[in-house]
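Peer 1: Quick one: the structure is below, questions incoming.
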Amino acid sequence: MGSPKKDRVLGVDTSLRSSGVAVVEAVGSSITAIEYGLIKTAAKHPVSECLGRLHEGITDIIKRLKPGSAAIEGGFYCKNVRTALVLGEARGAVIAACAALDVPVFEYSPRRVKQALVGYGAADKRQVRGMVMKILNLTAEPQEDEGDALAIAVCHLHNVSRYQALAPHEL
0 MGSPKKDRVL GVDTSLRSSG VAVVEAVGSS ITAIEYGLIK TAAKHPVSEC
50 LGRLHEGITD IIKRLKPGSA AIEGGFYCKN VRTALVLGEA RGAVIAACAA
100 LDVPVFEYSP RRVKQALVGY GAADKRQVRG MVMKILNLTA EPQEDEGDAL
150 AIAVCHLHNV SRYQALAPHE L
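Laid out in structure tokens, this is it:
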């Protein structure tokens, strides 16, 4: 009998100024946070420089920690058109960094992330963060953007395991 399958995922809560990033790994039924933090950029820098820094940060994480896939939040809503455009550009920088290193990217709506972790699509951020801490056995509460990135990565692992269970097994 072989060793349990490992699945390593990069979760990203994308923003221009403070993107939450997390790499989690599932081995069998155990999920562990390998690393999480923030990619921050200063408001004084031009958007192009911030996007470049975000791309570099994601590239560095992928090269160091070698995730097999990435998960980002999709289906966002912004009242401010400028904010929506900048957020779309930041998502593009993340997706481009992943694509350049052959890391497939999956999108999950905020509702789906909440559903996967708490079992309720309208759960609040506090409930989601509490479940993230429980699933990953974290002793310190992550910052909001870090917690969101961890939640997105765990959501992806839950979704991937469901699909794999239904897939035909190779003989």
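Okay, so the sequence shown: first residue is 0 according to numbering that gives the first Met the number 0, each after it adds one.
Heads up, the beta-carbon is just placed ideally off N, CA and C, and yes, glycines get one too.
In this text, all values refer to a predicted model and were calculated from it rather than measured experimentally.
1) Run the CB neighbour count on lysine 133, radius 10 Å, all protein chains shown included, and call it buried at 16 or more, exposed below.
2) Could you have a look at lysine 124 and say whether DSSP puts it in helix, strand or coil?
3) Excluding the five sequence neighbours on either side, which residues of its own chain have a C-beta within less than 8 Å of the C-beta of glycine 51, listed in chain order?
4) By the three-class DSSP mapping on this structure, what secondary structure does serine 14 have?
5) Along the chain, where does the beta strand (DSSP E) that runs through threonine 40 open and close?
6) Please report the distance separating the alpha-carbon of leucine 64 from that of cysteine 77.
7) Give the secondary structure of aspartate 59 by DSSP, where H, G and I count as helix, E and B as strand, and everything else as coil.
8) Distance check for histidine 155 and proline 103, CA to CA, integer angstroms please.
Peer 2: According to the structure shown:
1) exposed
2) helix
3) Ala92
4) coil
5) Element bounds for threonine 40: n/a, residue is neither H nor E.
6) 32 Å
7) helix
8) 12 Å
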